[in-house]
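See below for the structure under consideration.
Protein chains: 4
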Amino acid sequence: MSFNSFGRVFRFTTWGESHGPAIGAVVDGCPPGLPLSEADIQPWLDLRKPGTSKFTTQRREADEVRILSGVFEGRTTGTPISLLIDNMDQRSKDYSDVAKAYRPGHADYAYDAKYGFRDYRGGGRSSARETASRVAAGAVARAVIPEVDIFAYVSEIGGDAIDYARFDAAQIGQNPFFCPDPAAAARWEALVDTARLDGSSLGAVVECVAAGVPAGWGAPLYAKLDSELASAMMSINAVKGVEIGDGFAAARLRGEQNADPMRPALDGSNDGPLFLANHAGGIAGGISTGQPVKLRVAFKPTSSILIPVETVTRDGAASDIITKGRHDPCVGIRGVPVVEAMMALVLADQKLLHRAQCGE
Amino acid sequence: MSFNSFGRVFRFTTWGESHGPAIGAVVDGCPPGLPLSEADIQPWLDLRKPGTSKFTTQRREADEVRILSGVFEGRTTGTPISLLIDNMDQRSKDYSDVAKAYRPGHADYAYDAKYGFRDYRGGGRSSARETASRVAAGAVARAVIPEVDIFAYVSEIGGDAIDYARFDAAQIGQNPFFCPDPAAAARWEALVDTARLDGSSLGAVVECVAAGVPAGWGAPLYAKLDSELASAMMSINAVKGVEIGDGFAAARLRGEQNADPMRPALDGSNDGPLFLANHAGGIAGGISTGQPVKLRVAFKPTSSILIPVETVTRDGAASDIITKGRHDPCVGIRGVPVVEAMMALVLADQKLLHRAQCGE
Amino acid sequence: MSFNSFGRVFRFTTWGESHGPAIGAVVDGCPPGLPLSEADIQPWLDLRKPGTSKFTTQRREADEVRILSGVFEGRTTGTPISLLIDNMDQRSKDYSDVAKAYRPGHADYAYDAKYGFRDYRGGGRSSARETASRVAAGAVARAVIPEVDIFAYVSEIGGDAIDYARFDAAQIGQNPFFCPDPAAAARWEALVDTARLDGSSLGAVVECVAAGVPAGWGAPLYAKLDSELASAMMSINAVKGVEIGDGFAAARLRGEQNADPMRPALDGSNDGPLFLANHAGGIAGGISTGQPVKLRVAFKPTSSILIPVETVTRDGAASDIITKGRHDPCVGIRGVPVVEAMMALVLADQKLLHRAQCGE
Amino acid sequence: MSFNSFGRVFRFTTWGESHGPAIGAVVDGCPPGLPLSEADIQPWLDLRKPGTSKFTTQRREADEVRILSGVFEGRTTGTPISLLIDNMDQRSKDYSDVAKAYRPGHADYAYDAKYGFRDYRGGGRSSARETASRVAAGAVARAVIPEVDIFAYVSEIGGDAIDYARFDAAQIGQNPFFCPDPAAAARWEALVDTARLDGSSLGAVVECVAAGVPAGWGAPLYAKLDSELASAMMSINAVKGVEIGDGFAAARLRGEQNADPMRPALDGSNDGPLFLANHAGGIAGGISTGQPVKLRVAFKPTSSILIPVETVTRDGAASDIITKGRHDPCVGIRGVPVVEAMMALVLADQKLLHRAQCGE
């Protein structure tokens with residue numbers, strides 16, 4: 001029940017600050033016997049890695065993960081898996097101003113109000129750097145749910161949305177925006193670059209789909225699958241909204257429009273109905289239905305901008321602040337692998353919880 | 001870590017089915033010495049009570065709460081507070097069809113897939129009747145956070161939104177819709193009545209504000225105030241979306257538009273800055289900033305409708321189903337006191353968590 | 001993580017005071033589909049019931065349990081099981097002195113020191129009456145672990161121990177002491193009666209064995225089976241010591257004496273070794289070995305005695321106190337079904353935890 | 001609620017195997033602003049360090065701890081504190097036999113039964129090496145409870161007990177046995193040396209006292225201070241018994257003998273009574289009374305011995321095994337700093353839990 005842990009029986013704890021010597025995660029409750037090595041984790045970290053294009057922060061981090069425990073002869077042992085990533089490119093000098101004045105939209109003031117002081121270097125604990133630990137833990141989670149296929153993508157940047165008619169999953173990895181619509185990707189290039197050159201930033205919407213989730217996962221009432229996912233997504237830096245399935249759009253439908261009608265499975269089996277729609281995002285009553293689990297996540301624009309904003313200092317004096325340093329012009333982009341990781345972590349936990357109560 | 005509990009140190013557990021003898025909640029971890037009696041809880045239950053207008057279900061329940069433990073001579077003792085509400089008006093006969101076929105949008109199929117069978121009477125455990133327990137628990141939570149003033153209202157029904165220029169908090173209790181805009185309330189009367197007569201239903205958006213939350217509540221990273229609130233809200237029946245502050249709208253802003261600039265407090269004190277905006281909904285880095293905490297919740301339209309929907313039976317045969325019985329044409333309306341209760345429950349827990357780690 | 005709950009995925013929460021209207025438990029996380037009715041629970045409560053002989057408290061309680069939720073058509077549904085037992089024979093007048101002065105050995109002073117005040121009637125929340133809720137919850141736990149056979153007995157009262165050479169399990173239910181040695185039972189009759197007539201009380205040792213626990217239950221490191229059992233037993237009123245297997249006696253052995261040697265199973269199977277001893281009480285490294293799980297529990301003498309003891313009042317004045325009312329002269333006796341219940345509750349939880357991580 | 005974590009709001013998680021690259025702990029929920037550096041932790045680790053005398057294992061470990069997060073400019077920040085200790089002296093070759101046959105008394109068979117396989121090198125996760133992580137975490141806990149003074153000592157080895165009339169706390173650090181009685185220490189030298197030369201091992205009893213614990217800590221019912229301590233102690237390798245206060249001896253007393261009478265405080269204040277005895281070990285009703293918290297812990301003899309014991313192989317064949325390698329002839333000795341650490345960890349957690357519910 002600590003605050004830096006997530007999950008119930010498959011549970012991870014992250015630690016580390018942006019400018020400390022390292023960051024990491026401890027994954028506990030992992031089933032034994034699963035093949036696992038650094039090579040299974042590193043590719044996901046590479047997807048999130050900073051400095052890969054001009055559309056992400058120019059901080060350079062190798063983000064090489066080491067497994068320090070819980071794996072023996074290439075398989076998980078059932079004991080805690082300690083994952084460690086060294087911080088290489090900390091430039092503490094960039095952050096000296098931040099020690100004195102509060103950056104609006106950042107955790108600066110709130111951390112000071114809560115804890116009395118803070119590690120101000122690069123945002124300290126509240127830095128998005130922490131999400132590397134999640135991505136590493138998420139790679140372990142994927143090993144627990146091989147039946148599930150998870151993919152996320154950016155569906156909207158700065159209010160400019162993809163055209164679902166042009167949706168092509170194969171495109172997601174082909175552009176720096178995790179964008180499934182090549183036309184949108186082309187537009188975003190200009191859009192994000194303009195924001196970057198303006199010293200400004202843009203918000204984004206990330207969508208995530210998990211296919212292959214069997215019916216029956218989710219632990220009502222207060223570990224409902226939608227609750228767990230909402231909690232997981234809202235814990236990601238800069239996220240301010242979560243929708244399961246149609247989300248807010250469902251609030252504008254009538255009952256018959258929002259129904260997900262069922263028909264017998266086409267193969268005549270009784271393994272589960274054929275659903276004719278998926279407004280509910282694959283979850284009913286907090287339990288998966290066997291349809292794809294779908295959600296949308298809103299990322300606010302990066303709070304670190306070069307445009308001056310009114311603020312106050314620690315001493316309560318008026319000041320204007322611009323946030324220098326190396327920042328993502330659109331933090332939602334690198335949020336994609338983080339959203340996927342959190343989806344994997346929730347589903348792995350729910351799989352084991354379901355098994356605990358209901359057996360295989 | 002059970003599934004029917006919520007909260008970390010101020011923690012409640014609910015139990016009970018729609019058509020069992022009673023429902024209830026156990027509230028654990030409540031500070032001692034707080035004045036509490038049934039009279040402090042009943043008014044909140046009355047707000048949620050069914051059968052109060054033609055816009056809500058015609059089920060008749062007195063919803064009288066009894067305190068069975070944890071209170072002595074009018075004050076909380078610090079031991080578990082057991083709250084019990086008898087079920088009076090169960091008409092199990094209404095639900096006989098439901099035993100055989102799955103109601104789309106309901107938990108029927110998912111519960112069967114998870115548990116192998118279910119208490120089908122009135123939705124059993126997945127019935128919105130459970131939310132009465134939350135409202136009762138929420139009344140206890142309010143006693144823990146007297147410094148906080150919580151109010152919620154419906155801002156949108158079936159896509160028809162209030163006009164914020166006409167927002168009048170005093171109106172909220174003056175109409176059957178918890179609507180702060182009298183003009184909208186008048187329109188909704190026709191809107192909901194039409195849907196009801198059509199045998200259909202409507203979705204709604206509920207907004208909630210908590211004023212008086214001091215800066216510093218929230219337990220990063222995985223008990224961030226926004227995570228906890230999202231989890232709490234998404235656990236309410238029919239909720240499919242949560243926004244903190246501007247939510248998805250923030251994803252369409254640029255960084256300088258979304259900033260919440262600060263200025264020194266007008267009284268010259270250093271008790272916290274004056275915020276010039278509140279896009280973040282009173283939470284930064286998962287911690288309250290001292291601004292009002294604001295969120296929005298999307299309720300899907302009630303799944304129980306009289307319009308036939310395609311479905312399958314337990315045996316896998318095709319069928320069409322209409323859901324008779326007594327249902328809310330817009331379940332979001334009675335969601336208002338539930339949203340308030342969950343807000344109170346989260347804040348009470350976070351207040352105590354903050355005190356645990358950081359002292360008074 | 002509330003304080004009045006126990007268990008991790010099979011989890012129960014108790015509530016209620018000695019002299020409130022009722023006491024109860026909510027059992028959460030129970031697997032679905034298990035046959036359960038009041039008739040499965042009541043016999044265990046009857047074993048613990050007060051007023052059955054002159055060797056137990058003369059308080060009269062029917063201790064009739066009602067199941068208020070979580071069971072449908074005779075089977076558990078997987079939703080919370082609410083169990084309620086009415087308090088019938090509260091004589092609050094007996095306890096008026098207790099309001100003012102602290103009974104040594106009781107929780108009176110400690111509760112006041114912690115909470116500022118307390119429900120002093122009959123010990124309030126700290127009364128052994130609460131253990132009825134545990135026994136009820138334990139009966140549900142037994143349904144989860146049909147493969148396990150649990151029995152407990154008193155092995156020692158007031159320092160007078162049974163003779164293991166005369167151990168006869170069939171005798172346990174044949175005397176008011178849960179004593180497996182008829183000769184000891186005969187001696188204890190005089191011993192306990194003398195203490196009772198003296199207005200004094202006696203301590204006892206209870207032993208418990210769980211046969212049929214398969215190898216592999218227990219969740220190292222901090223939910224080791226021995227840790228969980230120790231925590232469970234030490235939570236019972238008046239318990240001050242717990243030994244797993246040989247316990248303190250093992251601390252006096254040499255390594256070769258304390259070893260539990262193994263040989264191949266007699267049937268030639270490789271389902272687990274034949275152990276030639278069980279010093280470890282069936283647990284190694286926190287995990288069950290397939291041998292019987294064995295533990296011993298020390299109950300202190302009932303603190304309520306008619307012999308005056310020096311104490312102080314709430315106001316800090318010196319006073320002498322005798323504790324009138326109806327009390328067990330040896331609270332360990334009625335502890336037997338409670339110890340069994342806690343054993344069942346721990347094992348049910350560990351069975352499900354094992355299944356979560358390692359599958360069936 | 002993971003298995004390798006302990007504590008509720010002040011919570012630590014350990015990871016690491018005997019022969020992996022490192023071991024460590026993550027401490028979460030620590031209050032901010034406490035002075036902390038490696039220099040505050042290292043001395044406690046040095047007390048537990050192997051290889052310091054011929055009475056402990058000859059494995060050589062520097063056991064140098066590094067703080068990787070959660071401390072900034074010499075003070076705790078309120079974020080997770082990651083502690084890492086490199087493993088330096090792993091001699092995996094010593095353990096090749098262990099891969100094939102089960103060492104009686106060790107976790108070998110149980111781990112295989114649970115997980116299907118295990119890291120057999122040096123006991124892997126079940127090695128007492130893990131306790132270094134606890135000692136490091138315990139040092140952080142001490143910073144949380146400066147008002148408490150904790151000390152532990154060995155009171156008995158191989159059945160040879162200290163003479164309490166000769167108890168001298170100043171002696172504890174003056175001999176390799178943490179023994180407060182110099183005469184006993186002298187006897188133990190021969191005793192342990194004989195066992196060591198015989199290739200055998202001895203059990204021990206460790207006692208621990210925490211002075212300065214204010215009245216009011218402990219969270220009844222299922223986080224009672226005695227429950228938490230029992231769970232904590234029983235989680236230590238080789239521990240098989242725990243007594244709070246008089247423990248099993250209390251079961252042999254009559255009520256009036258076991259009472260802890262009270263008198264008004266000598267200074268006339270009403271800050272708490274003067275207790276005339278402490279049979280209860282400073283805990284009543286699960287809550288501290290303000291007296292010293294006292295407990296006793298039984299360590300079985302080290303299971304690793306050079307005397308052959310009957311066992312079976314992984315393949316189910318009969319075998320005799322001797323456990324070569326470097327082992328403690330009496331593991332209880334090095335258990336002393338571990339018992340102290342667990343005491344500190346429980347008390348720090350309970351202090352914060354008390355503050356959460358009841359304020360300062």
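Chains as they are written, first to last, in UniProt numbering: chain P, 1 to 360; chain E, 1 to 360; chain R, 1 to 360; chain X, 1 to 360.
Heads up, the beta-carbon is just placed ideally off N, CA and C, and yes, glycines get one too.
Counted within 10 angstroms of its Cβ, other Cβ atoms place residue i as buried (16 or more) or exposed
{"i": "R/THR57", "result": "buried"}
{"i": "E/PRO80", "result": "buried"}
{"i": "R/ARG103", "result": "buried"}
{"i": "P/ASP246", "result": "buried"}
{"i": "X/THR289", "result": "buried"}
{"i": "R/ILE322", "result": "exposed"}
{"i": "E/TYR164", "result": "exposed"}
{"i": "P/ARG166", "result": "exposed"}
{"i": "R/GLN291", "result": "buried"}
{"i": "R/LEU197", "result": "exposed"}
{"i": "X/PRO273", "result": "buried"}
{"i": "R/GLN174", "result": "exposed"}
Contact with chain X by residue i, beta-carbon distance below 7 Å
{"i": "E/GLY285", "result": "no"}
{"i": "R/ILE244", "result": "yes"}
CB contact below 7 Å: residue i versus chain R
{"i": "E/ASN278", "result": "no"}
{"i": "P/GLU360", "result": "yes"}
{"i": "X/ASP260", "result": "yes"}
{"i": "E/ARG187", "result": "no"}
{"i": "X/LYS49", "result": "no"}
{"i": "X/LYS324", "result": "no"}
Identified DSSP bridge partners for residue i
{"i": "R/THR311", "result": "R/SER319"}
{"i": "P/VAL205", "result": "P/GLU156 and P/ALA298"}
{"i": "R/PHE248", "result": "DSSP, once it has assigned bridges, lists no residue as partnering R/PHE248."}
{"i": "E/SER5", "result": "E/THR13"}
{"i": "E/GLY24", "result": "E/TRP15 and E/LEU84"}
{"i": "R/THR52", "result": "Paired residue(s): none; R/THR52 is not in a bridge."}
CB contact check: residue i to chain P, cutoff 7 Å
{"i": "R/ALA356", "result": "yes"}
{"i": "R/LEU306", "result": "no"}
{"i": "E/TYR222", "result": "yes"}
{"i": "R/LEU352", "result": "yes"}
{"i": "E/PRO301", "result": "yes"}
Within-7 Å CB hit, residue i to chain E
{"i": "X/VAL144", "result": "no"}
{"i": "R/ARG129", "result": "no"}
Distance cut-off 6 Å: residue i Cβ against heavy atoms of the ligand ZN
{"i": "E/GLY24", "result": "With respect to small molecules bound, the structure shown includes none, and the ligand ZN cannot be examined in it."}
Cβ-Cβ separation, residue j to residue i (assumed contact under 8 Å), whole Å
{"i": "E/ILE333", "j": "E/PHE178", "result": "7 Å"}
Just by C-beta distance, which residues in the region 60–84 of chain E are closer than 8 Å to chain X? Flagged, chain order: GLY78 and THR79.
For the region 213–239 of chain R, enumerate the residues whose C-beta is nearer than 8 Å to any C-beta of chain P, in chain order. Here the close residues are PRO220.
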